[in-house]
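K.L.:
Residue numbers (our numbering): 71 to 391. Glycine included, C-beta positions come from ideal geometry on N, C-alpha and C. This structure is a prediction, so every number in the text was calculated from the model and none was measured. First the structure, which I've put down as structure tokens, then a few questions once you've had a look.
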Ligand code: TRP
Ligand code: CA
Ligand code: ZN
């Protein structure tokens, strides 16, 4: 709404051609074409509206329902999910790029959204996988991360935030087939462009119905940033240590990019000690609907989604300032 559309229209057209080969983006070209509100110095991160995040989840649920009950790689529900997120970002002034790849004989897509401005040599990225498994609509896994980073990106636009670093958001395809989209993105980066990424923040399952508060124990600065936020809320966290190979931060970490992220738990069982500090039910999975048909809008803990969404915005602001 506040921005001219010329720059991003060109970027979108340029992004629609390749099949199999991942297209790499250069975003410097559009930075001069926009006018942004004057930034305030040391802007505070906004409170992310959990109602807005849940509205995105309701849309993803509707998309799954209208497309055979899932949003899996290669399906119409996946593409519709991508189109939903992309339209919101385009309207908010992001420069969006769709990257195509092929996996298991089906076309997959990553969506990359660059916020114009910031130092192109210091890029802060936040990403979430947008695909579900074929068994269900994937609302906690991973509508939750996808919707929360979408709302964070929209908050960047509403604030007219102009951080020192360049901000880039990503929605990955085919994570459930083995992090195919994110690996394809990282493999397609030149070593020069890879080294410009100062951090990658991953969000995969952040609204689990019987939640834990896990902070990836990877880059210490990123980890501490998230821990500080939860300390301020009076919520204790545990380090997430087993996720190293299990989500889209893995290709970044393997390429030497500092990574971090949040996780509210999947199929592991909540212990009595965890239930006493976090509430919920011990002896039950953090998400009993993990990879199942019941991973629908009812499979979300609003408090966990709210806290994690706010933590994302806090870290994006803090780590890009
Ligand atoms: N990546 C898994 C999925 O999408 C979810 C998951 C399980 C996970 N354990 C994790 C994500 C640890 C991050 C960290 O199905
Ligand atoms: Ca909030
Ligand atoms: Zn997932």
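How about residue 64 and residue 206: do their beta carbons lie closer than 8 angstroms?
P.N.:
Look at the range of the chain in this structure, 71 to 391, and you will see that residue 64 is not part of it.
K.L.:
Mind checking who residue 332 pairs with in its DSSP beta bridge?
P.N.:
Position 262 of the chain shown, counted from the start, is the residue given in the question as residue 332. Its beta-bridge partners are 273, 285.
K.L.:
May I have the straight-line CA-CA distance separating residue 245 from residue 151, to the nearest angstrom?
P.N.:
Taking the chain shown and counting its residues from 1, the one referred to as residue 245 is at position 175. Taking the chain shown and counting its residues from 1, the one referred to as residue 151 is at position 81. When only Cα atoms are considered, residue 245 and residue 151 end up about 15 angstroms apart.
K.L.:
Return helix, strand or coil for residue 370, following the three-state DSSP convention.
P.N.:
Here the question's residue 370 lines up with position 300 in the chain shown. In the structure shown, residue 370 sits in coil (DSSP, three-state: anything other than H, G, I, E or B).
K.L.:
Classify residue 309 as helix, strand or coil using the three-state DSSP reduction.
P.N.:
Residue mapping note: residue 309 aligns to position 239 of the chain shown, counting from 1. Of the three classes helix, strand and coil, the one that applies to residue 309 here is strand, per DSSP.
K.L.:
Measuring straight from C-alpha to C-alpha, what distance separates residue 358 and residue 210?
P.N.:
For the purposes of this step, residue 358 is taken as residue 288 along the chain shown, with counting starting at 1. For the purposes of this step, residue 210 is taken as residue 140 along the chain shown, with counting starting at 1. Taking the straight line joining both Cα atoms gives about 11 angstroms.
K.L.:
Does any heavy atom of ligand 2 sit closer than 7 angstroms to the C-beta of residue 132?
P.N.:
Stepping through the chain shown from its first residue, residue 132 is reached at position 62. Residue 132: no, Cβ never under 7 angstroms from ligand 2.
K.L.:
Where do the ends of the alpha helix (DSSP H) carrying residue 160 lie?
P.N.:
Taking the chain shown and counting its residues from 1, the one referred to as residue 160 is at position 90. Per DSSP, residue 160 belongs to the alpha helix (DSSP H) from 146-161.
K.L.:
At a cut-off of 7 angstroms, would you count residue 119 as near ligand 2, judging by its Cβ distance to the nearest heavy atom?
P.N.:
Looking up residue 119 in the chain shown gives position 49. For ligand 2, at least one heavy atom lies less than 7 angstroms from the Cβ of residue 119.
K.L.:
Give me whichever residues DSSP pairs with residue 352 in a beta bridge.
P.N.:
Your numbering for residue 352 matches position 282 in the chain shown. The partner list for residue 352 (beta bridge, DSSP) is empty, contrary to what the question assumes.
K.L.:
Taking all protein chains shown into account, decide if residue 379 is buried (16 or more other Cβ within 10 angstroms of its Cβ) or exposed.
P.N.:
Position 309 of the chain shown, counting from 1, holds the residue named residue 379. Per the 10 Å Cβ criterion, buried.
K.L.:
For the alpha helix (DSSP H) holding residue 361, just list the boundary residues, first then last.
P.N.:
Reading the chain shown from its first residue, position 291 is the one you call residue 361. No alpha helix (DSSP H) contains residue 361, which DSSP labels as neither H nor E.
K.L.:
Between which two residues does the alpha helix (DSSP H) harbouring residue 189 extend?
P.N.:
Here residue 189 corresponds to residue number 119 of the chain shown, with the count starting at 1. Per DSSP, residue 189 belongs to no alpha helix (DSSP H); it is in the beta strand (DSSP E), 189-199.
K.L.:
Using the C-alpha atoms, what's the distance from residue 288 back to residue 319?
P.N.:
Translated into positions along the chain shown, residue 319 becomes position 249. Translated into positions along the chain shown, residue 288 becomes position 218. Going from the Cα of residue 319 to the Cα of residue 288 covers about 10 angstroms.
K.L.:
Touch check for the stretch 178-185 and the stretch 342-357: three-plus C-beta pairs under 8 angstroms?
P.N.:
no
K.L.:
Between residue 317 and ligand 3, is the CB less than 7 angstroms from at least one heavy atom?
P.N.:
Counted from its first residue, the chain shown places residue 317 at position 247. Correct: residue 317 has its Cβ closer than 7 angstroms to ligand 3.
K.L.:
CB residue 308 to CB residue 282, shorter than 8 angstroms?
P.N.:
Here residue 308 refers to the residue found at position 238 when the chain shown is read from its first residue. Here residue 282 refers to the residue found at position 212 when the chain shown is read from its first residue. A contact, by the Cβ cut-off of 8 angstroms.
K.L.:
Spatial neighbours of residue 222 within its chain, please: C-beta separation below 8 angstroms, excluding the five flanking residues on both sides.
P.N.:
What you label residue 222 is simply residue 152 of the chain shown in a count that begins at 1. Around residue 222: 118, 196, 239, 379, 382, 383, 386.
K.L.:
Is it the case that the CB of residue 379 approaches a heavy atom of ligand 4 more closely than 7 angstroms?
P.N.:
This structure lacks ligand 4; the ligands present are ligand 1, ligand 2 and ligand 3.
K.L.:
Taking the straight line between their C-alpha atoms, what separation do you get for residue 132 and residue 272?
P.N.:
As a first step, residue 132 must be located in the chain shown, where it is residue number 62. As a first step, residue 272 must be located in the chain shown, where it is residue number 202. Using only the alpha carbons, I get a separation of about 25 angstroms.
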